[in-house]
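Its first residue numbered 60, the sequence shown is counted upward by one per residue in my numbering.
Notes to accompany the following structure.
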Amino acid sequence: SLLNRGLQKSCRSRGCLSLLGYCHYQLQEFAAAAECYEQLVALHPQLLPYRLCHAQALYKAGLFAEALRVASPLLDVPAFHRRALRLQAAVHYAQGDLPAAQSLVEEELAAAADGGSGAAEDPSERADAEVNLGCLLYRQGRHEEASGKFASAMQVLGYCPELSYNMALCSYAAKQYPAALKHISDIIKRGIHQHPELSVGMTTEGIDVRSVGNTLLLHRTALVEAFNLKAAIEYQLRNMRAAKEALTDMPPRAEEELDPVTLHNQALMNMDSQPTDGFGKLQFLLLQNPFPPETFGNLLLLYCKHQYYDLAADVLAENAPLTYKLLTPYLYNFLDAIITCQTAPEEAFHKLDDSAGAMTEQLRKLTKQVQEARQNWNDEALKKAINEYDETLDKYVPVLMAQAKIYWDMKNYTMVEKIFHKSVEFCKEHEVWKLNVAHVLFMQENKYKEAISFYEPIVKKHYDRILDVSAIVLANLCVSYILTSQNEDAEELMRKIEKAEEQLSYDHPDKNTYHLCIVNLVIGTLYCVKGNYDFGISRIIKSLEPYNKKLSTDTWYYAKRCFLSLLENMSKHMIMLRDSVIQECVQFLKQCEQYGRNIPAVIEHPLEESGMHSGKNTVTYEARLLRALMYKITGW
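See below:
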């Protein structure tokens, strides 16, 4: 502010402009810094350090063509030749032009080896060039070699958080998560010890702290990058709570100060609880330059997940250059098939089948390579083949599930089972595959024993932490037990869930859990479907007690379906209920009215333009409506 006022008095002040440019750069306001240095270059063209600073600021601001143009004359100046080479290499690297970047890095390494271009032999200069080479190796997928380059540079330069982060990134890319987390832990521990003023972890603990801003100090600690990578690892390992904590543990900044990667990760990891906010952040990032390359694909996948197929198609059509640049052929073909499925399911199935066929051949080929590597005791080849196999399988399973969903939506569960049966060779150990096989067996209503054989291992794997298992999986297993006359097994499982919920309630009194409630709701629904409304409705009513803890959008969904079925059958005079049961129903609906005022009856779509009336989208409103229908039908 003071410097800006000084410039108003003397717009040609070299000191003022220089300090202002430096301040903007330190605050990572690179576009503003570039403007200052541009003025300095115009005023003092003979002072080449300003030209270098101008080029660096342009590069940091993402203005790559301008950065190359400004840096180009410095290549002919011996004192600046090496730095200009390095800057141009960085620009080409950022643009994705790896051959050009590699050529410049090799030229710099050759200059260092010869001691030419006026540069004295300096180990740190050589180390910087090695770091650049490591970055190129990383982009080429040679993660172990890249990590070696960063490690050797650290031996010369001493401990550097940015290099430690680079090594963590290499380990992450190679799926060596323990090694990556070790590097991340080192960065965080040093950051906390050396810079307590950065308030690491305070936000997670609920302490209100002011923003630390986007300072160069924060950038040099690599804390933001480390926490983002930690979040990504936990996300890959399905530890969602730990992933979210990693994002809140990082030094606090205001939302407008957040870097694109943090904004992207926040959107992704809070999508289930804040979808509208998440879509807004991803759409905002897509308009920025630069933005994390994963943003484009993730936005499209999330549109499809939330069934906004028209929006996904529009984004693809409006961003053709990004489609070719940022989407792999696999991802493009997958998205194309998912979108096509909405209008031409048969065509979509054939597209997915082509992809699945190609990946099936690849999986067989890799299986053979794994076997050969084991026979030859070739650990390196074995490791490579297993990694490639896992990556291919991770691509194959979503394609398979998309094929299965086409028939699932048609309620053709026999065809879904056939699709899964064809893939048993590769997927029999895959968790997602096993879960969906269990679901399709359960839905066929005559294969409950087979469903149990798939549900049971999933539940037993997490038996000590049973609340980590999806409530619907537990409910389906209990129903399968009951329908195969294994009532004791069902009761034992329900007792286990009840004890786990009691312990959770003791440890975290403010936390609500709905597992046992949903199990009882599903069992109650089963009895209603079988026509035993007296027992089924009573079970549903008891499952929601106490109402202040158990009534939610999800639990109300199960309950109201049974009440609607009951009322429909009563209106057709197909069933008769005892007065005591009707009285119980009325009292239940009154309790739902009382406790459901602030509970949405339906979770609205995040991007819905015309939302439901807020007064009608409550459990209270729907419970009152059901009570009125019951009075009308029973004549009370």
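By construction, the Cβ of each residue, glycine as well, lies at the ideal position given by its N, Cα and C atoms.
Cβ shell of residue i (< 8 Å), same chain only, five flanking positions each side left out
i: V358; result: Correcting the residue type first, residue 358 is Leu in the shown sequence and not Val. Cβ neighbours of L358 beyond the five flanking positions: F338, L341, Q342, L345 and V374.
i: I30; result: Given a span of 60 to 695 for the chain in the structure shown, any question on residue 30 remains unanswerable.
i: A497; result: A510, F513, Y514, I517, V532 and N535
i: L441; result: V429, A432 and R433
i: E420; result: none
Separation of residue j from residue i, as counted between CA atoms
i: T543; j: A510; result: 11 Å
i: D412; j: Q462; result: 8 Å
i: A444; j: E353; result: 26 Å
i: P334; j: V259; result: 27 Å
i: R300; j: L370; result: 30 Å
i: F209; j: A188; result: 10 Å
i: E627; j: K589; result: 15 Å
i: R683; j: T614; result: 17 Å
i: L127; j: L216; result: 28 Å
i: S482; j: K424; result: 15 Å
i: H151; j: A534; result: 55 Å
i: G74; j: E264; result: 44 Å
i: C194; j: A169; result: 18 Å
i: D245; j: D449; result: 29 Å
i: Y47; j: T382; result: This structure leaves residue 47 out entirely; the chain is present only between 60 and 695.
i: S77; j: L275; result: 17 Å
i: L296; j: P380; result: 33 Å
i: R249; j: P319; result: 24 Å
i: Q85; j: T262; result: 24 Å
Residue interval of the alpha helix (DSSP H) (run including residue i)
i: Q342; result: P334 to L345
i: C95; result: F89 to L102
i: I600; result: Y592 to S602
i: Y367; result: Careful: Y367 lies outside any alpha helix (DSSP H) and carries neither H nor E.
i: P108; result: L107 to K119
i: E431; result: P404 to Q434
i: L459; result: D438 to D468
i: Y224; result: P220 to A232
i: C57; result: The requested residue 57 does not occur in the structure, where the chain is confined to residues 60 to 695.
i: H151; result: P137 to A153
i: F350; result: Counting along the chain, F350 falls outside any alpha helix (DSSP H), and DSSP gives it neither H nor E.
i: P380; result: A379 to L385
i: P319; result: P319 to M328
Residue i versus the options, residue with shortest Cα-Cα distance
i: C400; options: K443, V456 and K464; result: K464
i: Y368; options: L688, K691 and L666; result: L666
i: N571; options: S162, I600, M553 and E604; result: E604
i: P311; options: V271, Q295 and P255; result: V271
i: Y586; options: S539, R554, Y573 and E551; result: S539
i: E165; options: A415, A149 and I266; result: A149
i: A329; options: L361, R637, T426 and Q347; result: The amino acid occupying residue 329 in the given sequence is Asn; Ala does not appear at that position. Among L361, R637, T426 and Q347, the Cα nearest to that of N329 belongs to L361.
i: I596; options: S611, L623 and G356; result: L623
i: E652; options: S630, E681 and G674; result: E681
i: M633; options: K608, Q646, N591 and H664; result: N591
i: A326; options: N348, P349 and Y294; result: Y294
i: C112; options: T451, V100 and G121; result: V100
i: C644; options: A687, Y616, E94 and P380; result: A687
i: E377; options: P349, Q366, D267 and F355; result: F355
i: D308; options: K487, L282, D569 and T584; result: L282
i: G121; options: A559, V491, F139 and F350; result: F350
i: F501; options: K487, I541, E490 and H489; result: I541
i: L422; options: A313, D453, H252 and I247; result: D453
i: H252; options: S529, T280, A618 and Q545; result: T280
Cβ neighbours of residue i in the same chain (closer than 6 Å, five flanking residues each side left out)
i: G175; result: Note that G175 scores 49 on pLDDT, short of 50, meaning its location in the model is unreliable; the coordinates nonetheless yield the value given after this. The answer is none, since no qualifying residue turns up.
i: Q650; result: Y606
i: P659; result: T612 and N676
i: K236; result: Per the sequence presented here, residue 236 reads as Tyr, with Lys not at that position. Counting only Cβ-Cβ distances below 6 Å, and skipping sequence neighbours, we find I292.
Residue i and residue j closer than 7 Å at C-beta
i: L625; j: S602; result: no
i: A91; j: H83; result: yes
i: E16; j: V499; result: Outside the shown range of the chain, which is 60 to 695, sits residue 16, and nothing can be said about it.
i: N324; j: A285; result: no
i: I599; j: C621; result: yes
i: Q434; j: N273; result: no
i: C219; j: H202; result: no
i: L526; j: H574; result: yes
i: H242; j: S223; result: yes
i: A227; j: L288; result: yes
Close Cβ partners of residue i (< 7 Å) along its chain, the five nearest in sequence each way excluded
i: R198; result: L157
i: M469; result: none
i: E406; result: T399
i: F123; result: V150, A153 and Q154
i: A130; result: A114, A143, L146 and Q147
i: E204; result: L196
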